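> Add 1 to the 1-based position in the sequence shown for this note's numbering, that's all there is to it.
Just so it is clear, CB atoms sit at the ideal spot from N, CA and C, and this is done for glycine as well.
What you are looking at is a predicted structure, and each value in this text was computed from that prediction instead of being measured.
Please see the structure below; I have some questions.
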Amino acid sequence: PGLCRKLEDVRDESGRILHRVCMDFEGITPQMISILREFRVRVYKKLAKDRGLPEDVRSWYDVVQSAMKVFINASYGVFGHASFPFYTPSLAESVTALGRHVITSTVRIAERYGLRVLYGDTDSLFLWNPDPESLGNLVREVSEKFKLEIEVDKSYKHVVFALKKNYVGVKEDLSVDIKGLMGKKRNVPEIVKSVFSQVVEALRSIEPNPSSVDLVKEKVKESVRTLYLKLKNRDLSLEDVAYKNELSKELGEYKSEGPHVKAAKMLLAYGRQVRPGDIIYYVKVKGRERVKPIQLARIDEIDIDEYVKVARSTLEQLLAPLGVSWDEIAGALSLDLYVRGRGS
């Protein structure tokens, strides 16, 4: 402390002092990250949204700005990793604490200006129909208080929130942003992914009135009913329920045996050649194996209960915000199937 002229407290969102930092000089790490950030925000991100550029050029800029974001976001985390040469846990902790402090303070400032905050997390706020004057006041005060520039990134017609950082946002032009939801991930069976897409498509059609919402709910329920019955009746193909993963290395190099590795070894045992880069299609089955490549599996082996669980966990992210109950749909259909079975 005696060698530092300017010490500043690092506080978390509750105001508790975590660390004290010497601010006499700017370190090389923030200088490097600042350069990356400036290039991303002022050049690549703006060009990615420039409608005057061809779509393929905008897509290229968007890929670059997304990659830069990964580097920027990871830059603090490495300081909290014990194998990093400059391992400094207090630095990593300070960055996250300051981030929480800034976002919670920004929420309070927004509310003070009469803005309705729907959701706030990490580096973003969702505001309900903000008026330009209050929004301008928020931007100005955040800039003055934290030396940070905030701006309107996107405007949604409506948003369906699931969990933290998980949502579907429908823009005015009816294009859709899907963030953090399982149904968007590549390794989801096609039969589940297609119903997820149907639900998202239904959400695009919501209008700001109760009857429209009710109509969308019925469409969603019908899609879920159809999926549930297809699964229970095994009205499907192996391709419908296949998972797919790429082999990233030779089979002998894997330290743990994931399901796609296990399926690949089964193919190898049956004389099928497999190599790095191959896409392995496999299904979940009952019995000791648990998984099989689709080339060796039969429909009657499929573990339907496992696929029902996957369908539920994937779709409930969208059902819950709509007030639609998976249990209610599945329970009614299970009872109907049971009664029909007894009758036959």
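Once DSSP output is grouped into helix, strand and coil, what is the label at L128?
Along the sequence shown, read from residue 1 onward, the residue named residue 128 stands at position 127. Correct three-state label for L128: strand.
> Assuming the contact rule is C-beta atoms closer than 8 angstroms, L319 and W327 should be a hit. Round their C-beta distance to whole Å, please.
Reading the sequence shown from its first residue, position 318 is the one you call residue 319. Reading the sequence shown from its first residue, position 326 is the one you call residue 327. Between W327 and L319 the Cβ distance is about 11 angstroms, and since that is not below 8 angstroms, they are no contact.
> Which residue wins for smallest C-alpha separation from K285, given the options W61, V311, L268, D279?
For the purposes of this step, residue 285 is taken as the residue at position 284 of the sequence shown. Considering only alpha carbons, the answer is V311.
> My output table needs one value for R21: the three-state DSSP class, helix, strand or coil.
Position 20 of the sequence shown holds residue 21. Strand at R21.
> Looking at C-alpha atoms only, which residue of E14, C23, N246 is the closest neighbour of N7?
Within the sequence shown, numbered from 1, the residue matching residue 7 stands at position 6. Position check: residue 7 holds Lys in this sequence, whereas Asn was assumed. Nearest C-alpha to K7: C23.
> What is the DSSP secondary structure of E202, reduced to helix, strand or coil?
Start at 1 with the first residue of the sequence shown, and residue 202 comes out as number 201. E202 falls in the helix class under three-state DSSP.
> Give a yes or no on contact between the stretch 236 to 252 and the stretch 261 to 268, applying the rule of three or more CB pairs nearer than 8 angstroms.
Flag = yes, the stretch 236 to 252 and the stretch 261 to 268 touch.
> Since P322 is in the alpha helix (DSSP H), which residue starts that stretch and which ends it?
Indexing the sequence shown from 1 puts residue 322 at position 321. Per DSSP, P322 belongs to the alpha helix (DSSP H) from 305 to 323.
> Do the stretch 25 to 42 and the stretch 51 to 61 touch if we need at least three Cβ pairs shorter than 8 angstroms?
Contact between the stretch 25 to 42 and the stretch 51 to 61 is absent, because fewer than three Cβ pairs lie under 8 angstroms.
> Just to confirm the assignment, what range does the beta strand (DSSP E) spanning I281 have?
Taking the first residue of the sequence shown as position 1, residue 281 is located at position 280. Per DSSP, I281 belongs to the beta strand (DSSP E) from 280 to 285.
> Taking only the alpha-carbon atoms, compute the straight-line gap between D154 and K222 and give it to the nearest angstrom.
Taking the sequence shown and counting its residues from 1, the one referred to as residue 154 is at position 153. Taking the sequence shown and counting its residues from 1, the one referred to as residue 222 is at position 221. If you take the alpha carbons of D154 and K222, they lie about 33 angstroms apart.
> Q66: buried (16+ other C-beta within 10 angstroms of its C-beta) or exposed?
Here residue 66 corresponds to residue number 65 of the sequence shown, with the count starting at 1. Buried: at least 16 other Cβ atoms inside 10 Å.
> Tell me where the alpha helix (DSSP H) around Y404 begins and ends.
What the structure shows of the chain is the stretch from 2 to 345, and residue 404 is not part of that stretch, so it cannot be assessed.
> Please return the same chain residues whose Cβ sits closer than 7 angstroms to the Cβ of E14, not counting the five positions on each side in sequence.
For the purposes of this step, residue 14 is identified with residue 13 of the sequence shown, where counting begins at 1. Excluding sequence neighbours, E14 sits near R101, H102, T105.
> I'd like to know whether the C-beta atoms of K1 and S156 end up nearer to each other than 8 angstroms.
What is shown of the chain runs 2 to 345, which leaves residue 1 out entirely.
> Compute the Euclidean distance between the alpha carbons of S76 and M69, then round it to the nearest angstrom.
Position 75 of the sequence shown holds residue 76. Position 68 of the sequence shown holds residue 69. Approximately 11 angstroms, taken between the alpha carbons.
> If you check the beta carbons only, do V108 and V118 fall under 8 angstroms apart?
Walking along the sequence shown from the start, residue 108 turns up at place 107. Walking along the sequence shown from the start, residue 118 turns up at place 117. Yes, Cβ-Cβ distance for V108 and V118 is below 8 angstroms.
> Do I295 and Y308 count as a contact pair if the criterion is CB distance below 8 angstroms?
Here residue 308 refers to the residue found at position 307 when the sequence shown is read from its first residue. Here residue 295 refers to the residue found at position 294 when the sequence shown is read from its first residue. No, Cβ-Cβ distance for Y308 and I295 is not below 8 angstroms.
> Report the option in P277, T123, G16, I305 whose CA atom is closest to the CA atom of A243.
As a working mapping, residue 243 is identified with position 242 in the sequence shown. If we check each option's Cα against that of A243, I305 comes out closest.
> For R43 and I73, what's the separation of their Cα atoms in angstroms?
Walking along the sequence shown from the start, residue 43 turns up at place 42. Walking along the sequence shown from the start, residue 73 turns up at place 72. Between R43 and I73, the C-alpha separation is close to 15 angstroms.
> Distance check for W61 and G272, CA to CA, integer angstroms please.
As a first step, residue 272 must be located in the sequence shown, where it is residue number 271. As a first step, residue 61 must be located in the sequence shown, where it is residue number 60. Those two C-alpha atoms are separated by around 42 angstroms.
> Have a look at the DSSP bridge pairing and note the partners of I179.
Taking the sequence shown and counting its residues from 1, one reaches residue 179 at position 178. DSSP output for I179 lists V169 as bridge partner(s).
> If you draw a straight line from the alpha carbon of K180 to that of L204, how long is it in whole angstroms?
One-based indexing of the sequence shown puts residue 180 at position 179. One-based indexing of the sequence shown puts residue 204 at position 203. Going by the C-alpha atoms only, they are around 15 angstroms apart.
> Tell me which residues share the same chain as Y339 and place their Cβ nearer than 6 angstroms to its Cβ, disregarding the 5 neighbours each side in the sequence.
In the sequence shown, counting from the first residue as 1, residue 339 sits at position 338. Bear in mind that a pLDDT of 48 at Y339, under 50, signals an unreliable position, so the number given afterwards is only what the model happens to contain. Same-chain partners within the cutoff: there are none.
> Determine the burial state of I330: buried for a count of at least 16 other Cβ atoms within 10 Å of its Cβ, exposed for fewer.
As a first step, residue 330 must be located in the sequence shown, where it is residue number 329. The residue is buried, with at least 16 neighbouring Cβ atoms inside 10 Å.
> Among D236, A333, R276, which has the Cα closest to the Cα of R347?
Residue coverage of the chain in this structure runs from 2 to 345, which leaves residue 347 outside it and unanswerable.
> Using 10 angstroms around the beta-carbon of S212, count the other beta-carbons present and answer buried if the total reaches 16, otherwise exposed.
What you label residue 212 is simply residue 211 of the sequence shown in a count that begins at 1. The residue in question, S212, is exposed, as its Cβ has fewer than 16 Cβ neighbours within 10 Å.
> What are the start and end residues of the alpha helix (DSSP H) that includes N380?
The structure shown does not extend to residue 380, since the chain is modelled only from 2 to 345, so the question has no answer here.
> Where does Y120 fall in DSSP's three states?
Within the sequence shown, numbered from 1, the residue matching residue 120 stands at position 119. Residue state, collapsed to three classes: strand.
> So, at 6 angstroms on beta carbons, what are the nonlocal neighbours of R59 in its own chain, with the 5 sequence-adjacent residues on each side left out?
On the sequence shown, position 58 is the one that residue 59 refers to. Cβ neighbours of R59 beyond the five flanking positions: A49.
> G81 and V98 - do their beta-carbons sit closer together than 8 angstroms?
Taking the sequence shown and counting its residues from 1, one reaches residue 98 at position 97. Taking the sequence shown and counting its residues from 1, one reaches residue 81 at position 80. Val is not the amino acid found at residue 98; the sequence shown has Ala there. It is not a contact, given that the beta carbons lie outside the stated cut-off.
> Which same chain residues, not among the five before or five after Y114, have their C-beta less than 6 angstroms away from its C-beta?
Numbered from 1 along the sequence shown, position 113 holds the residue referred to as residue 114. So the qualifying residues of the chain are S135, N138, L139.
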